[in-house]
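In terms of the numbering used here, the sequence shown is residues -1 to 138. Since the structure comes first, as structure tokens, the remarks are kept for the end.
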Amino acid sequence: MKYFIKLNLVSIIYACIALIPIQLIGNVYRINRLTGCKIATINTITAVVIIIEFIVGTILILILTKKWLKNRKANFWTMILWVPYFILFTYITASLFPIINEGDSPNPISGFFAIGLLMLFPFYIYSINFISLALKKIEV
């Protein structure tokens, strides 16, 4: 049972790693309206936050996968388990922060970014699990 909980916690972290960039890029106009910053400044800050989140998230996931999930092939279930959490978090975010002002609607390009990220994300999870498995075999 402990392994199941740890597996789900790692899947939640994966979902957050995918959710944060999509929400930041999709809400540029809302952030612009609320803060009064220029769009170029918001895009720069968003890019820096996404890069930092990706690096820190990858390191955190590698450490947690190595320590918590050990050397099991069941770790690859995270490639599927992150999807329900991602959908749940997206629904919660959309419910808590609905688009009231029509000017806050994301542009169509952010949708292409989201589709691309969501298509490549399982390969990212696979590579993290594979690297974690390889690191575990090297230590033994």
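Even for Gly, the Cβ is constructed at its ideal location relative to N, Cα and C.
Can you tell me whether P82 is buried or exposed? The criterion is at least 16 other CB atoms within 10 Å of its CB, across all chains shown. Exposed, since its Cβ has fewer than 16 Cβ neighbours within 10 Å.
What would DSSP say about G55, mapped onto helix, strand or coil? Helix.
Residues in its own chain within less than 8 Å of I11 by CB, not counting five upstream and five downstream? Correct list, in chain order: G55, L58, I59 and L62.
Under a three-way DSSP split, which group does L17 fall into? Taken through DSSP and simplified to helix, strand or coil, L17 comes out as helix.
Which residue marks the beginning of the alpha helix (DSSP H) containing M77, and which one marks its end? T76 to L94 is the span of the alpha helix (DSSP H), which, as asked, contains M77.
To test your reading of the DSSP string, which unbroken beta strand (DSSP E) runs of 3 or more residues are found completely within the region 24 to 68? With a minimum length of 3 residues, no continuous beta strand (DSSP E) run stays inside the region 24 to 68.
Go ahead and label V8 buried or exposed: buried means 16 or more other beta carbons lie within 10 angstroms of its beta carbon, across all protein chains shown. Result: buried.
Three or more C-beta pairs below 8 Å linking the region 12 to 28 and the region 62 to 75: Counting Cβ pairs under 8 Å, fewer than three are found: no touch.
Less than 9 Å between the beta carbons of L17 and T76, yes or no? No, these two residues do not count as a Cβ contact at 9 Å.
Cα-Cα separation, Y122 to P106: One alpha carbon belongs to Y122, the other to P106, and they sit about 24 Å apart.
Rounded to whole angstroms, what's the CA-CA distance from I3 to L79? Just pull it up for me. For the pair I3 and L79, the Cα-to-Cα distance works out to about 12 Å.
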